[in-house]
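Below: the structure, in structure tokens.
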Amino acid sequence: MNEISVIGGGSWATALVKILTENSIYTNWYMRRSEQVRAINQDAINPDYLSFLKLDNTKIYASDQLDEIVARSKVILFVVPSAHLDSVCAAIPKEDLAEKFIITAIKGTVGPDNLLPSAYLARYFELKDFQQAIIAGPCHAEEIARNKKTYMTLCGPNETFISKISNGFASSYMQVNYSPDTLGVEYAAIYKNVVGIVCGMAEGLHYGDNFMAVLVANAIDELGLLLRAVGAPHVRLGSSTYLGDLLVTGYSAHSRNRTFGKYLGLGYSVFEARQLMGMVAEGYVATKGLMATVTSLGLNLPLLQTAYRVLYNHMAAIDEFKLLERNIR
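Set out below in structure tokens:
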């Protein structure tokens, strides 16, 4: 792989562009806002996300013209919030992706059917399994931007394609691993954002480390129940792709979902917390989609139910946590 098109202008997209260009991958970058495009092309800085990071814009072509960016490469990397994926796809003619390879770095469900991002893209563009791959964590964009040691997992059935793209993401600070478990990894990436919100609420409510440990232990158990119920075939729950991603989202100060949850625990309304964030907390939308899926599967996941009632039934976090105390062990 010597060229790629990246769709999305947030912090995660910016961190991935950093890695790709460091590896001399020429990057065609779609950003919705013309101000971002201008700043990348002129100053090599994304003014809205990771603005401390200087990029190598000799290897970047940035544009706010989506059709142009899609046309420039055979490999397309989608890095947009899950809530926006359907509108982005609607702006791309289906035939434009017919012969492309697609990489997804999105953590949430999509559309009224609550589809996984890879499943949504496959259905919308009539893609074959071999055309897709998924990027999974644990990877905080802020730490990638500062060259902190990170482990990334690439998932998908096409090992030949994944082998070709792996070198584009590997570096002295980035170790790239492979997993065939597309289904399990995508569901784990969605669920861990819900856990991040719940852990943040616990912090905002001034629970201590002892309770937080019990909370995370129960989250691990819930994740295992979920992955078994959806039929994920190759799960090693203690690996970094599953447990590692859950832990860093639940504990790290870089976690936007944790920060969002903390505001809720401190007593802010959902609207106020979203305004204070200034960035998308994927767990907000993910909670609703995942709750619908879990309900259809007949599962009882107290942490997910707590998040849902606070976010969508507008219950007070303090009341929901008193109930949660009785429902976890």
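Residue numbers (this note's numbering): 2 to 330. By construction, the Cβ of each residue, glycine as well, lies at the ideal position given by its N, Cα and C atoms.
Contact annotation: Ser172 and Asn24 have beta-carbon atoms nearer than 8 Å. Non-local beta-carbon contacts of Asn168 in its own chain, meaning distances under 7 Å to residues more than five positions away in sequence, involve Asn24 in chain order. Within the DSSP secondary-structure output, Gln43 pairs in no beta bridge. Burial is judged here by how many other beta carbons sit within 10 angstroms of a residue's own beta carbon; Asp320 has fewer than 16 and is exposed. The region 202-213 makes no contact with the region 144-160, as fewer than three CB pairs between them are under 8 Å. In this chain, the alpha helix (DSSP H) harbouring Thr307 covers 303-313. Taking the Cα of Gly251 as reference, the smallest distance to any Cα among Val286, Cys90, His235, Cys140 is reached at Cys140. For Leu216, the closest alpha carbon among the candidates Lys289, Leu302, Lys60 is that of Leu302. Straight through space, the alpha carbons of His255 and Ile221 are spaced by roughly 20 Å. Residue range 183-205 is occupied by the alpha helix (DSSP H) that includes Asn194, with no beta strand (DSSP E) assigned at that position. The C-beta of Arg259 has 16 or more other C-beta atoms within 10 Å across all chains shown, which makes the residue buried.
In this structure, the CA atom of Gly11 is about 6 Å from the CA atom of Tyr50. In this model, Ala84 and Thr110 are separated by some 8 Å (Cα to Cα). DSSP places Val249 in the uninterrupted alpha helix (DSSP H) bounded by 246-252.
Secondary structure note for Ser164: its alpha helix (DSSP H) is the uninterrupted segment 160-170. Of the residues Gly279, Thr15, Ala233, the one whose Cα lies closest to the Cα of Phe261 is Gly279. Nearest C-alpha to Val38 among Ile26, Gly9, Phe53: Gly9. Linking Gln306 to Gly299 through their CA atoms gives a straight-line distance of about 13 Å. Counting the other CB atoms within 10 Å of its CB gives Arg237 a total below 16, which places it among the exposed residues.
If you draw a straight line from the Cα of Leu56 to the Cα of Leu325, it comes to about 45 Å. Here DSSP, grouped into helix, strand and coil, assigns Ala282 to coil. Looking from the CA of Ala189, the closest CA among Thr161, Thr154, Asn178, Thr242 belongs to Thr242. The residue from Leu244, Ile198, Leu227 with its alpha-carbon nearest to that of Ala218 is Leu244. Spanning the alpha carbons of Ile46 and Asn58 requires a straight line of approximately 9 Å.
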